[in-house]
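Numbering (numbering that gives the first Met the number 0), first residue to last: 0 to 312. Written below as structure tokens is the structure these notes are about.
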Amino acid sequence: MDKIKENVFEDAITTAFKPSIKSNRKFLAPQTGISESKKTLSDGHLCKKANQIRKDIVEVAIRNGAGHIAPSLSCVDILTALYYRIMNISRYPQWEERDRLIFSKAHGCYGLYAILADIGYIKREDWENFYKGSFLSGCVERSLENGIEASCGSLGHGLPIAVGIAFGAKLQNKSYRVYCIVGDGEMQEGSNWEAVQFAVKHKLSNLTVIIDNNTLQAMDFLENVLTLEGRKDDLQRKMQAFGFEAITCNGHNIQDIVSTLEKWKEGAKDISPPQVLIANTIKGYGLLCMESVPKFHFRIPTEEELKMGNRYE
Ligand SMILES: Cc1ncc(C[n+]2csc(CCOP(=O)(O)OP(=O)(O)O)c2C)c(N)n1
Ligand SMILES: [Mg+2]
Numbered sequence: 000m001d002k003i004k005e006n007v008f009e010d011a012i013t014t015a016f017k018p019s020i021k022s023n024r025k026f027l028a029p030q031t032g033i034s035e036s037k038k039t040l041s042d043g044h045l046c047k048k049a050n051q052i053r054k055d056i057v058e059v060a061i062r063n064g065a066g067h068i069a070p071s072l073s074c075v076d077i078l079t080a081l082y083y084r085i086m087n088i089s090r091y092p093q094w095e096e097r098d099r100l101i102f103s104k105a106h107g108c109y110g111l112y113a114i115l116a117d118i119g120y121i122k123r124e125d126w127e128n129f130y131k132g133s134f135l136s137g138c139v140e141r142s143l144e145n146g147i148e149a150s151c152g153s154l155g156h157g158l159p160i161a162v163g164i165a166f167g168a169k170l171q172n173k174s175y176r177v178y179c180i181v182g183d184g185e186m187q188e189g190s191n192w193e194a195v196q197f198a199v200k201h202k203l204s205n206l207t208v209i210i211d212n213n214t215l216q217a218m219d220f221l222e223n224v225l226t227l228e229g230r231k232d233d234l235q236r237k238m239q240a241f242g243f244e245a246i247t248c249n250g251h252n253i254q255d256i257v258s259t260l261e262k263w264k265e266g267a268k269d270i271s272p273p274q275v276l277i278a279n280t281i282k283g284y285g286l287l288c289m290e291s292v293p294k295f296h297f298r299i300p301t302e303e304e305l306k307m308g309n310r311y312e
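Structure, rendered in structure tokens:
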């Protein structure tokens, strides 16, 4: 593990945001017009980075008594692909041309916080004191100077915001892209389907939605609640029928995620439809006691449960 840690540190220093590594959020003043974007990690380093983030989530959350570990673990590979390869971002969180991420399934934000700390957008101590008095909340709250674009937490809220930002970017001829991560259970909210129709109507080619399709919502599997039984392709069919370009992938295979997002990033023309990546994931991925177990939506594992092992070390 020490070796991975060393590499990860090396990654952060040499290939991500060297000057911001020690930055204090007070010093991250708005800087506009700086066209400097980050360098990215190689495929092998992306997987190591995702494992580092998983370990960090589990350690900080358990130590601090923060319970939304499982929803955070299911989207780590998605977030890693976005932050270390796909999104155009700068060492300055408020760089005007940055790609925007709206993190709509806001309760599963621990991986986002761990990454923002890793790239220097928030202070490491703020992440480590999460749930213990730091400014970071249980659900994301807008803080542009720290790289958090929108407050979310009431499900069904983030996608309409993302659509509005993408529409605004088009009206202003801006070239940045907007990414939005939503939960599969969250897609039951009617507000999402209004936003989806608007995005298609206005050909928001600059919008990519990523659904963390972990088959679970808070208390049960989706197919025991609203989705028709056996319809594994439910969201793919619905999103396509509404007019999105839709692709389903393995949400724990970073190369799969990256190749689709890269294709859309390079290939989307002004008149292309908005896109959705349905990332098939496992809730609690990485902690064996937790994977696809409904009761772990908000629950800290016991020492005994942790002995079942993990996938990140
Ligand atoms: C409008 C609204 N209703 C209910 C909740 C309570 N709640 C928080 S997380 C969650 C489950 C969400 O499931 P999903 O979107 O699949 O996310 P996952 O936890 O699986 O990542 C619910 C019902 C909420 N935050 N907002
Ligand atoms: Mg879910």
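Cβ coordinates follow ideal geometry from the N, Cα and C atoms, glycine included.
> Among ASP255, CYS108, MET218, ASN279, which one has its Cα closest to the Cα of LYS294?
Replying inline: Mapped onto the sequence shown, residue 294 falls at position 295. It is MET218 whose Cα lies nearest to the Cα of LYS294.
> In chain order, what residues of the same chain have a beta carbon less than 7 Å from the beta carbon of ALA343, not counting five sequence neighbours either side?
Replying inline: Limits of the chain in this structure are 0 at one end and 312 at the other, which puts residue 343 out of reach.
>> Between VAL177 and ILE164, how many whole angstroms is the CB-CB distance? I'm expecting something under 8 Å.
In response: Taking the first residue of the sequence shown as 1, we reach residue 177 at position 178. Taking the first residue of the sequence shown as 1, we reach residue 164 at position 165. Right, their Cβ atoms sit about 5 Å apart.
> Taking the alpha carbon of GLU303 as the point to measure from, which residue in MET289, GLU312, PHE297, TYR311 has its own alpha carbon closest?
Replying inline: Here residue 303 refers to the residue found at position 304 of the sequence shown. Per the Cα distances, MET289.
> Should PRO273 and LEU225 be called a contact, given that it needs their Cβ atoms to be closer than 9 Å?
Replying inline: As a position in the sequence shown, residue 273 is number 274, starting the count at 1. As a position in the sequence shown, residue 225 is number 226, starting the count at 1. Result no, Cβ atoms of PRO273 and LEU225 do not sit closer than 9 Å.
> Would the C-beta of LEU323 count as close to ligand 2, meaning under 8 Å from any of its heavy atoms?
Replying inline: Here the chain has residues from 0 to 312 only, and residue 323 is not among them.
>> Would you say the beta carbon of ASN213 is closer than 8 Å to some non-hydrogen atom of ligand 2?
In response: On the sequence shown, residue 213 is found 214 positions in, with the first residue counted as 1. Checking every heavy atom of ligand 2 against the Cβ of ASN213, one is found closer than 8 Å.
> Looking at C-alpha atoms only, which residue of GLY137, HIS156, THR214 is the closest neighbour of GLY229?
Replying inline: What you label residue 229 is simply residue 230 of the sequence shown in a count that begins at 1. The shortest Cα separation from GLY229 among GLY137, HIS156, THR214 belongs to THR214.
> Taking contact to mean at least 3 C-beta pairs separated by less than 8 Å, is the region 144-151 in contact with the region 120-134?
Replying inline: yes
>> Give me, in chain order, the residues of the same chain whose beta-carbon lies closer than 6 Å to that of GLY43; leave out the 5 immediate sequence neighbours on both sides.
In response: In the sequence shown, residue 43 corresponds to position 44, counting from 1. If we look at GLY43 and ignore the five residues flanking it on each side, it has no Cβ neighbours.
>> Taking 6 Å as the limit between beta carbons, can you name the residues of its chain near LEU260, skipping five residues before and five after?
In response: Within the sequence shown, the letter at position 261 stands for residue 260. Answer for LEU260: ILE85, listed in chain order.
> Based on Cα-Cα distance, which residue from ASP269, ALA161, LEU221 lies nearest to ASP185?
Replying inline: In the sequence shown, counting from the first residue as 1, residue 185 sits at position 186. Reading off the sequence, residue 185 comes out as Glu, not Asp. Checked all of ASP269, ALA161, LEU221; the closest Cα to GLU185 is LEU221.
> Would the beta-carbon of GLN315 be found less than 8 Å away from any heavy atom of ligand 1?
Replying inline: A question about residue 315 goes unanswered here, because the residues of the chain that appear run from 0 up to 312.
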